[in-house]
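Q: What follows is a structure written as structure tokens; I'll ask about it next.
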Amino acid sequence: MKIAFLGSRGIPARYSGFETFYEQLTVRLAGRGHDVTVFNRYPFVPLKDPTYKGVKIIRLPTISHKSLDTIVHTFLSVLRLPFIRPDLVYFCGVGNAIFCLPCRWLDIPTIINVDGEDWARKKWGGFASRWLLWSEAWASRFADIVVADARVIQKRYRELYDRETIFVPYGANIPTQTPASDILSRLGLEPDGYILFVSRLVPENRAELLIEAFKGITTDKKLVIVGDAPYSEEYKQSLRDAADDRVVFAGYVFADDYAAISRQAALFCLPSGIDGTRPVLLDQMGFGNCIVVRNSPANLEVAGDAAATFDGDHEVESLRATIADLLNHPEERTRLGAAAKERVARLYDWEVITSQYEEMFCGLVEKRKLNAET
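Take any residue in the sequence shown, count from 1 to its spot, add 66: that is its number in our numbering.
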């Protein structure tokens with residue numbers, strides 16, 4: 067099959083969960099013999115090569131603006147589709163849903179991964195939030211297949227839009243050993259000597275909540291904040307102002323450095339409450355980390371009983387108490403880490419998920435052929 071992937075910043079992954087998802091899925095599909103194209107967003111992804119691990123790369127510019135860079139880049143990508151004529155197009159991000167309509171005019175089937183309640187993210191202003199809500203309706207109306215990464219999102223689309231979706235979760239890599247990396251020494255860290263946060267530094271990921279909870283814990287462990295984000299300088303400065311001297315801001319961390327800092331943490335905390343599967347959560351479960359998450363439906367769906375939880379209604383006090391208890395009970399951290407690794411291996415294997423997508427894509431292409439013949 068000839069498959070085009072639109073809507074993310076591109077590969078190799080250097081920003082968020084969507085890019086990690088794109089890289090894992092597209093490279094595997096290309097390895098299975100499919101003709102896969104990813105539209106990379108310049109200047110966010112610096113790769114200039116025409117291919118990446120067997121995946122074709124089309125590099126297009128965009129506008130460096132929080133609310134416009136995705137929509138402008140996806141628009142330019144759609145303009146290129148008549149020249150490559152893919153068998154189907156896969157969109158990531160519900161905000162791109164309107165572009166399923168021109169794909170219909172081009173007679174190209176579309177699949178869109180709507181990725182949770184994007185409209186609820188605090189980084190968006192009034193019009194952007196409304197656009198994302200409208201986009202849910204457009205996705206329901208214009209896409210051939212809507213993919214939900216969590217059962218709670220399936221329920222939302224069924225109840226609000228009377229649209230059935232296909233549930234396909236994200237996957238996780240399960241490393242067998244800690245890679246060679248000196249990142250701990252570069253950051254002044256010791257194995258098992260820090261709590262880890264990994265996410266974009268935007269308000270909905272709630273790094274400020276973790277910092278506030280951590281300040282009330284008496285411990286010699288550090289808190290490591292991994293991540294960054296464009297367009298959020300004021301928020302990032304507020305985090306630095308709130309932090310004490312035990313908090314380490316590591317910035318972006320990728321590849322072997324990311325694996326090394328993840329595998330040697332005392333625990334990992336995901337304080338965000340946005341519904342939808344978070345790829346970073348699956349990653350950290352795959353690393354065998356002790357996980358702490360908010361007790362939101364999507365987090366509980368992914369982690370099950372293999373994670374410690376805190377109460378979103380009393381978030382600072384509950385998160386502080388949960389982390390403090392785990393720091394005082396290393397045997398419980400070990401138990402939860404082993405349970406998380408076992409659960410992700412059983413339910414979120416990338417090869418199994420790639421096969422699910424491959425079957426979905428084949429079915430959509432065959433349906434198109436049958437319709438053309440009749």
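The beta carbon of each residue, even a glycine, is placed where N, CA and C say it ideally should be.
According to DSSP, is Gly161 part of a helix, a strand, or is it coil?
A: For this step, residue 161 is matched to residue 95 along the sequence shown. If DSSP states are grouped into helix, strand and coil, Gly161 belongs with the helices.
Q: Less than 7 Å separating the beta-carbons of Tyr260 and Val292?
A: Counting from one through the sequence shown, the residue named residue 260 turns up at place 194. Counting from one through the sequence shown, the residue named residue 292 turns up at place 226. Not closer than 7 Å, so no.
Q: Let me confirm a value: Phe149 is counted as buried when at least 16 other C-beta atoms fall within 10 Å, else exposed. Which label applies?
A: The count along the sequence shown starts at 1 and reaches residue 149 at position 83. Exposed is the call here.
Q: With a cut-off of 8 Å on the beta carbons, I'd call Asn162 and Thr136 a contact; round off their distance for me.
A: Start at 1 with the first residue of the sequence shown, and residue 162 comes out as number 96. Start at 1 with the first residue of the sequence shown, and residue 136 comes out as number 70. Indeed they touch by this definition, with Cβ atoms about 7 Å apart.
Q: Have a look at Cys356, Gly370, Asp258 and Ser362 and flag the residue whose alpha-carbon is nearest the alpha-carbon of Arg401.
A: As a working note, residue 401 is residue 335 in the sequence shown. The shortest Cα separation from Arg401 among Cys356, Gly370, Asp258 and Ser362 belongs to Cys356.
Q: Check this for me: beta carbons of Thr176 and Asp228, under 7 Å apart or not?
A: One-based indexing of the sequence shown puts residue 176 at position 110. One-based indexing of the sequence shown puts residue 228 at position 162. Going by C-beta atoms, Thr176 is not nearer than 7 Å to Asp228.
Q: Give the straight-line distance between the Cα atoms of Asp258 and Asp248, rounded to the nearest whole angstrom.
A: Counting from 1 along the sequence shown, the entry for residue 258 is found at position 192. Counting from 1 along the sequence shown, the entry for residue 248 is found at position 182. Asp258 and Asp248: Cα-Cα distance of roughly 15 Å.
Q: Since Thr400 is in the alpha helix (DSSP H), which residue starts that stretch and which ends it?
A: Working through the sequence shown from its first residue, we reach residue 400 at position 334. Segment Pro396 to Leu413, the alpha helix (DSSP H) holding Thr400.
Q: What's the C-alpha gap between Asp101 and Trp204?
A: Translated into positions along the sequence shown, residue 101 becomes position 35. Translated into positions along the sequence shown, residue 204 becomes position 138. Going by the C-alpha atoms only, they are around 28 Å apart.
Q: Who are the near neighbours of Arg272 in its chain, counting only those whose CB is closer than 6 Å to its CB and skipping five residues on each side?
A: Within the sequence shown, residue 272 is the residue found at index 206, counting from 1. Excluding residues within five positions, the ones whose Cβ falls inside 6 Å are Pro337 and Ser338.
Q: Hey, could you find the ends of the alpha helix (DSSP H) Arg207 is sitting in?
A: Walking along the sequence shown from the start, residue 207 turns up at place 141. Gly192 to Phe208 is the extent of the alpha helix (DSSP H) around Arg207.
Q: Below 8 Å on the Cβ atoms is my guess for Ile69 versus Asp153; work out the distance and round it to an integer in Å.
A: Mapped onto the sequence shown, residue 69 falls at position 3. Mapped onto the sequence shown, residue 153 falls at position 87. Yes, Ile69 and Asp153 are in contact; Cβ-Cβ is about 7 Å, under 8 Å.
Q: Identify, in the order they occur along the chain, each residue of the same chain with its Cβ nearer than 7 Å to the Cβ of Tyr297, setting aside the five sequence neighbours on each side.
A: Taking the first residue of the sequence shown as 1, we reach residue 297 at position 231. Excluding sequence neighbours, Tyr297 sits near Lys132.
Q: Arg252 lies in the beta strand (DSSP E); which residues open and close that run?
A: The residue labelled residue 252 in the question sits at position 186 within the sequence shown. Looking at the DSSP string, Arg252 is not in any beta strand (DSSP E); the run it does join, the alpha helix (DSSP H), is Ile249 to Leu253.
Q: Please say whether Ala295 and Leu267 have beta carbons closer to each other than 7 Å?
A: By one-based count along the sequence shown, residue 267 stands at place 201. By one-based count along the sequence shown, residue 295 stands at place 229. In contact: Leu267 and Ala295 (Cβ atoms closer than 7 Å).
Q: So, helix, strand or coil for Arg125, using DSSP?
A: Position 59 of the sequence shown holds residue 125. Three-state result, Arg125: strand.
Q: Please report the straight-line C-alpha distance between Ala411 and Gly352, rounded to a whole angstrom.
A: Taking the sequence shown and counting its residues from 1, the one referred to as residue 411 is at position 345. Taking the sequence shown and counting its residues from 1, the one referred to as residue 352 is at position 286. Approximately 7 Å, taken between the alpha carbons.
Q: Looking only at its own chain, which residues have a Cβ that is under 6 Å from the Cβ of Ala79, when we skip the five neighbours before and after it?
A: On the sequence shown, residue 79 is found 13 positions in, with the first residue counted as 1. Cβ within range, chain order: Glu85, Thr86 and Glu89.
Q: Is the beta carbon of Arg409 less than 7 Å from the beta carbon of Gly370?
A: Within the sequence shown, the letter at position 343 stands for residue 409. Within the sequence shown, the letter at position 304 stands for residue 370. Their beta carbons are under 7 Å apart, which means Arg409 touches Gly370 by this criterion.
Q: On a CA-only basis, which of Lys433, Thr117, Tyr414 and Val155 is nearest Ala96? Give me that one, please.
A: Counting from 1 along the sequence shown, the entry for residue 96 is found at position 30. Ranking the options by Cα distance to Ala96, first place goes to Thr117.
Q: Could you work out which residue in Pro112, Ala438 and Pro245 is closest to Ala321 when comparing CA atoms only?
A: Sequence index remark: in the sequence shown, residue 321 carries index 255 (1-based). Measuring from the Cα of Ala321, the nearest candidate turns out to be Pro245.
Q: Assuming Arg207 and Phe233 make a contact with CB atoms under 8 Å, what is their CB distance in whole Å?
A: On the sequence shown, residue 207 is found 141 positions in, with the first residue counted as 1. On the sequence shown, residue 233 is found 167 positions in, with the first residue counted as 1. Rounded, the Cβ-Cβ distance is 20 Å, inconsistent with contact.
Q: Report yes if the CB atom of Gly73 is closer than 7 Å to the CB atom of Arg107, and no otherwise.
A: Translated into positions along the sequence shown, residue 73 becomes position 7. Translated into positions along the sequence shown, residue 107 becomes position 41. Contact flag unset, no.
Q: Within 7 Å (strictly less), CB to CB, does Asp379 reach chain B?
A: Among the protein chains of the structure shown there is no chain B, as only one such chain exists.
Q: Drop a sphere of 10 angstroms on the beta-carbon of Leu393, count the other beta-carbons inside from all chains shown, and report buried for 16 or more, exposed for fewer.
A: As a position in the sequence shown, residue 393 is number 327, starting the count at 1. Result: buried.
Q: Between the alpha carbons of Leu91 and Val368, how many angstroms are there, rounded?
A: Position 25 of the sequence shown, counted from the first residue, corresponds to residue 91. Position 302 of the sequence shown, counted from the first residue, corresponds to residue 368. Computed Cα separation, rounded: 19 Å.
Q: Which whole runs of the beta strand (DSSP E) in the segment 252-311 are 3 residues long or more, in chain order?
A: The qualifying runs are 260-264 and 288-292.
Q: Let me know the beta strand (DSSP E) ranges lying completely inside the segment 314-372, each 3 residues or longer, listed in chain order.
A: Runs of the beta strand (DSSP E) inside the segment 314-372: 333-336 and 357-360.
Q: Closer than 8 Å is the cut-off here; do at least three beta carbon pairs connect the segment 302-314 with the segment 415-423?
A: Flag = no, the segment 302-314 and the segment 415-423 do not touch.
Q: Please determine, among Phe280, Ala405 and Arg224, the residue with the shortest C-alpha to C-alpha distance to Val382.
A: Taking the first residue of the sequence shown as position 1, residue 382 is located at position 316. The shortest C-alpha separation from Val382 is found at Phe280.
Q: Considering only the beta carbon of each residue, do Pro241 and Tyr414 sit closer than 7 Å?
A: Numbered from 1 along the sequence shown, position 175 holds the residue referred to as residue 241. Numbered from 1 along the sequence shown, position 348 holds the residue referred to as residue 414. For Pro241 and Tyr414, no; Cβs fall outside 7 Å.
Q: What is the DSSP secondary structure of Leu142, reduced to helix, strand or coil?
A: Mapped onto the sequence shown, residue 142 falls at position 76. In this structure, Leu142 counts as helix in the three-state DSSP scheme.
Q: Taking all protein chains shown into account, do 16 or more other C-beta atoms lie within 10 angstroms of the C-beta of Pro345, making it buried, or fewer, making it exposed?
A: Within the sequence shown, the letter at position 279 stands for residue 345. Buried, by the Cβ-count rule.
Q: Gly403: buried (16+ other C-beta within 10 angstroms of its C-beta) or exposed?
A: In the sequence shown, residue 403 corresponds to position 337, counting from 1. Buried: at least 16 other Cβ atoms inside 10 Å.
Q: Can Phe105 and Ser130 be called in contact, C-beta distance under 7 Å?
A: To locate residue 105, count along the sequence shown from 1; it is residue 39. To locate residue 130, count along the sequence shown from 1; it is residue 64. Their beta carbons are not under 7 Å apart, which means Phe105 does not touch Ser130 by this criterion.
Q: Take Val431 and list the residues in its own chain whose beta-carbon comes closer than 8 Å to its own, dropping the five residues that flank it on each side.
A: Translated into the one-based positions of the sequence shown, residue 431 becomes position 365. Closer than 8 Å at Cβ, skipping near neighbours: Met67, Asp153, Leu154 and Pro175.
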